[in-house]
Amino acid sequence: MHNCQSNRETLIALALDQAQSGQTRSLPAETEACPACREEYAATLNAMRIAHQVKDSALPVESFWPGYRARLRHNLEAGSTSRAHALRTRTSFGTLLRNLFTSSVRIPIPLAAAGLIIVGVSIVFAWNSRRAVRAPAPIVVTKTVEVPVIQETTRDKIINRIVYRDRDRRQTLPARTNEIAIQRTAQAPISLVGFKPTNEVKLTIIKGNGRDEK
Amino acid sequence: MKLFQVPPLSISEDDLIRRAQSADMDAFCLLAQKFERRIYSLALHYCHNHQDAEDLSQEVWLKTYQAMNTFKGESSFYTWLRKITINCFLNHQRARSFRWRGETTPVQLVDLDSIKAVACLAQAADSEKALLNRIMVEKVMQALSELTSQQRLIFLLKHHEEMTYEEIAKEIGCSTGTAKKSMFRAVSKLREHLNIDIQAPTTLHALQSKIEIGV
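As given, the protein sequences belong to chains P and D, one line each in that order. Residue 22 in this note's numbering sits at position 14 of the first sequence, with consecutive numbering throughout. Residue 807 in this note's numbering sits at position 29 of the second sequence, with consecutive numbering throughout.
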């Protein structure tokens, strides 16, 4: 399928080639068959031919060139001169540096000695101050930090136990025991002297039932 | 001031290059003489005025002279010189766009119909052929001045230097597509400015005869 738009590039290349070589080039068949492309090609070719023909016409006349060359030489020489000047400047700077380090001046001995002492003291002072700067005293930072403390409170436990005695059992005690107790009571007056109430109650729990006894 | 001498035929380009590399200014000037018109023509079509073209071409030669020692002979001398020229043009373009940002180039449009009138007026001063040439040059320059600097440079490299699109793209640092588009735009501008009648013959001689017979 012929596409005029995509064919444009080929047409320009062909026209350029033909304009530059001056030889007639045959168009591709599809371009030849398309009137729009033929027209495009002709217009492009004409423009390129004219541009090609006037290419050298734009150059100045022959009398221009000697002056142009003279100016070029002048520019080159100026460029070389500036480079040489830069080189010279660098050389003189080197000489200045060398002189600075190799030249000597005459001064009186006391003045030189005083100067040396001042320099020595300055160096020592600077050294010490540097050391002081290097090793500064450690800064102690005191901070109060509150730490929660859990206090354990001890509690005294008081256990009260009431022990009940079986009345029936007391009643079933042998009559003899009762009699002895009555006699003792009759013989000695009742007194609580020596009675010491106990704080601890010893309780012995005997596990078991009637079946186990059998 | 010492002027250029005609280069002796016995001195080859290689000899001149070797001598120029050892800071022989005479040899360099002889070398420059061989290519001066090509470089000047490129600069003139790029800048579209003689003063700028001379400045730019002189700058190219100065840079070439300074860089002579870097030429290793891997390509032809002219290819190397063209590379320096393109770099100079691109630098010039940057400097110019910085200086003239926002300003437009005044373009004087001359219709081809007025060629005869202009020719008649200037008949006494110049021959018709030379005048016609000058007018056509002006028209081509006007067409090129309406392109961007990059498009103009691409057109010049393609049309004057016959470089391929790939080479142009590599030298300028753009894509091949951009180079092709720039070329197409330049051709369109040329066609528009030259206002060519497609059916008529369109060489300069034909146009001249067209004026003579008063068509």
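Even for Gly, the Cβ is constructed at its ideal location relative to N, Cα and C.
Simplified DSSP assignment, three categories, for residue i
i, result
"Pro-43 (chain P)", "helix"
"Tyr-172 (chain P)", "coil"
"Gly-123 (chain P)", "helix"
"Ala-831 (chain D)", "helix"
"Val-153 (chain P)", "coil"
"Phe-867 (chain D)", "helix"
"His-82 (chain P)", "helix"
"Lys-850 (chain D)", "coil"
"Gln-159 (chain P)", "coil"
"Lys-967 (chain D)", "helix"
"Pro-68 (chain P)", "coil"
"Asp-164 (chain P)", "coil"
"Ile-117 (chain P)", "helix"
"Arg-33 (chain P)", "coil"
"Phe-855 (chain D)", "helix"
"Lys-841 (chain D)", "helix"
"Ile-989 (chain D)", "With a pLDDT of 47 at Ile-989 (chain D), under the threshold of 50, the modelled position of that residue is not reliable, and the figure given next carries that caveat. If DSSP states are grouped into helix, strand and coil, Ile-989 (chain D) belongs with the helices."
"Glu-2 (chain P)", "Nothing can be reported for residue 2 (chain P): it is not among the residues displayed for chain P, which extend from 9 to 222."
"Val-201 (chain P)", "coil"
"Glu-48 (chain P)", "helix"
"His-10 (chain P)", "coil"
Proximity test, Cβ basis, 9 Å: residue i and chain P
i, result
"Asn-869 (chain D)", "no"
"Phe-813 (chain D)", "no"
"Lys-861 (chain D)", "no"
"Ser-923 (chain D)", "no"
"Lys-850 (chain D)", "no"
"Leu-935 (chain D)", "no"
"Leu-794 (chain D)", "no"
"Ser-819 (chain D)", "yes"
"Phe-855 (chain D)", "no"
"Leu-840 (chain D)", "yes"
"Leu-887 (chain D)", "Interpretation of Leu-887 (chain D) is limited by its pLDDT of 41, a score under 50 that renders its predicted location unreliable; the figure taken from the coordinates is listed afterwards. For Leu-887 (chain D), the answer is no, since every Cβ of chain P falls outside 9 Å of its Cβ."
"Asn-911 (chain D)", "yes"
"Cys-807 (chain D)", "yes"
"Met-941 (chain D)", "no"
"Ala-810 (chain D)", "yes"
"Lys-958 (chain D)", "yes"
"Tyr-824 (chain D)", "no"
"Leu-972 (chain D)", "yes"
Cutoff 9 Å: residue i Cβ touching any chain D Cβ
i, result
"Pro-118 (chain P)", "no"
"Pro-43 (chain P)", "no"
"Gln-26 (chain P)", "no"
"Ser-65 (chain P)", "yes"
"Val-62 (chain P)", "yes"
"Glu-17 (chain P)", "yes"
"Glu-85 (chain P)", "yes"
"Arg-6 (chain P)", "Residue 6 (chain P) is absent from the structure shown; chain P starts at 9 and stops at 222."
"Phe-22 (chain P)", "Note that residue 22 (chain P) corresponds to Leu in the displayed sequence, not to Phe. Taking Cβ atoms only, chain D never reaches closer than 9 Å to Leu-22 (chain P), which makes this a no."
"Arg-33 (chain P)", "no"
"Ile-126 (chain P)", "no"
"Asn-11 (chain P)", "no"
"Thr-39 (chain P)", "no"
"Ala-121 (chain P)", "no"
"Ala-134 (chain P)", "no"
"Arg-106 (chain P)", "no"
Residue i and residue j closer than 9 Å at C-beta
i, j, result
"Val-965 (chain D)", "His-823 (chain D)", "no"
"Tyr-49 (chain P)", "Leu-22 (chain P)", "yes"
"Thr-863 (chain D)", "Leu-808 (chain D)", "no"
"Met-961 (chain D)", "Gln-61 (chain P)", "no"
"Glu-944 (chain D)", "Thr-954 (chain D)", "yes"
"His-828 (chain D)", "Lys-63 (chain P)", "no"
"Ala-810 (chain D)", "Leu-80 (chain P)", "yes"
"Ser-1007 (chain D)", "Glu-814 (chain D)", "Since the displayed chain D opens at 779 and closes at 993, residue 1007 (chain D) lies outside it and no answer follows."
"Arg-816 (chain D)", "Glu-949 (chain D)", "no"
"Asn-83 (chain P)", "Leu-840 (chain D)", "yes"
"Glu-832 (chain D)", "Cys-866 (chain D)", "no"
"Glu-6 (chain P)", "Met-803 (chain D)", "The structure shown does not extend to residue 6 (chain P), since chain P is modelled only from 9 to 222, so the question has no answer here."
"His-971 (chain D)", "Ala-908 (chain D)", "no"
"Gln-844 (chain D)", "Leu-931 (chain D)", "no"
"Val-171 (chain P)", "Val-209 (chain P)", "yes"
"Tyr-818 (chain D)", "Leu-108 (chain P)", "no"
"Arg-969 (chain D)", "Asn-54 (chain P)", "yes"
Contact test: residue i Cβ vs the ligand NAD heavy atom, cutoff 8 Å
i, result
"Ser-905 (chain D)", "In the structure shown, the ligand NAD is absent, as is every other ligand, since no ligand is present at all."
Where residue i meets chain A, residues with beta-carbon distance less than 8 Å
i, result
"Thr-52 (chain P)", "Included in the structure are the protein chains P and D, with no chain A among them."
**OP:** With a floor of 4 residues, list each alpha helix (DSSP H) that falls wholly inside the region 892 to 963 of chain D, ordered by position along the chain.
**Re:** With a minimum length of 4 residues, the continuous alpha helix (DSSP H) runs that stay inside the region 892 to 963 of chain D are 893 to 899, 906 to 923, 927 to 937 and 943 to 950.
**OP:** Could you pull out every unbroken alpha helix (DSSP H) segment of at least 4 residues lying fully inside the region 786 to 820 of chain D, listed in chain order?
**Re:** Whole alpha helix (DSSP H) segments, 4+ residues: 791 to 799.
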